[in-house]
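K.L.:
In this text, residue positions in the sequence shown follow the numbering used here: the first is 14, and each later residue adds one. Backbone N, C-alpha and C define an ideal beta-carbon position, used for all residues, glycine too. This one's a predicted model, so the numbers in the text were calculated from it and none came from an experiment. Let me give you the structure first, and then I'll get to my questions.
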Amino acid sequence: MNRAWHTGIAIATADWPNRGWSVLADFSQSDYLEFGWGEEDYYQAEKESWWMAIRAALWSNSSVIHVIGVQRPTTDRLYADEIIEVRISADGLRQLTEAIEREFKDRAPAATPVSLSAFPKPNHFYSGKRRFFFPRMCNWWTANRLEEAGCPIASWSVISSGRVMREARGFAGDSKR
C-alpha cells in the first residue's frame, strides 16, 4: 500500500502463522494489521516539519514500527492512496511474517507509546531494531519485506514509494484494488 511517499504492508491476522506472537494480542479485534517503519521522532509526530524530515534522512536515528489494526482492507480503512494485493506462497507468508517479527526490538510499545489521531484505533508504535537513515528508509524496509516473501524486487535499489508500487504492480498481476 502507498500513502503519499510512504509504503507499508497489510496482512490478515487470520493468516498470521505464528498464532502465539504477542503483538497479535494487542489487536485481537482486528482482521488486518498494517505495518509501516520509520524514523522514531518523525514518524510519531502529530505534525511533521521539513527539519524533522532532513534530520531523519541524514542522521542515523532510532526507528519504530507503526501497527494499525483494521477490520477490512479498504483504501479508506488503511489510509492508503493505492493498495496492491500481492499473492505469495504459504512459505513466502511465513518468511514475511517472521521477517516482520524480527524487526521489533521487543514486544512492548515504544518508550512513549503514541497513537496518532489521524489513524484509527488501535494503532501503536513499537521500537524497531534497525537504525533509520538515507537510503534505508520506509520504502527500502517495505521492499526488503517483499523480497523476503519471495517477490522479485531488488530492495537494495529502492528509495521511493513510486518504485515500490511500480515493482509490486509488475509481480502482482491484475490484483490491483
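(1) Between the region 103-117 and the region 52-64, do three or more beta carbon pairs fall short of 8 Å?
(2) Going by Cα to Cα distance, which pick from Phe184, Glu59, Ile101, Trp153 is closest to Trp29?
(3) At what residues does the alpha helix (DSSP H) containing Gly105 begin and finish?
(4) What does Tyr45 pair with, by DSSP beta-bridge criteria?
(5) From Ile22, Phe184, His137, pick the residue whose C-alpha is nearest to that of Val80; which is it?
(6) To which residues does DSSP link Gly51 through a beta bridge?
(7) Could you spell out the range, first to last residue, of the alpha helix (DSSP H) harbouring Gly163?
(8) If we ignore side chains and look at the alpha-carbon of each, how far apart do Leu159 and Arg32 end up?
(9) Since I believe Pro135 is in contact with Asp39 (beta carbons under 8 Å), could you give me their beta-carbon distance rounded to a whole number of angstroms?
(10) Quick check on DSSP: helix, strand or coil for Ser168?
(11) What separation, rounded to the nearest whole angstrom, lies between the Cα atoms of Ser188 and Gly51?
(12) Using C-beta distances below 7 Å, list every residue in its chain close to Trp67, excluding the 5 sequence neighbours before and after it, in chain order.
(13) With 16 as the cutoff for other CB atoms within 10 Å, does Arg179 come out buried or exposed?
(14) Just to confirm my understanding: we take Ser174, look at its own chain, exclude 5 residues before and 5 after, and list those with CB closer than 7 Å. What are they?
(15) Shortest alpha-carbon distance to Asp104 belongs to which of Thr26, Ala162, Trp63, Lys60?
P.N.:
In short:
(1) no
(2) Ile101
(3) 103-116
(4) Ala25, Val83
(5) His137
(6) Val77
(7) Element bounds for Gly163: n/a, residue is neither H nor E.
(8) 21 Å
(9) 7 Å
(10) helix
(11) For Ser188, the predicted model reports a pLDDT of 42, less than 50, meaning its position is unreliable and no value from the coordinates is stated.
(12) Inspection of the sequence shows that residue 67 is occupied by Ile rather than by Trp. There are no such residues.
(13) exposed
(14) Asn15, Trp18, His19, Thr20, Asn152
(15) Ala162
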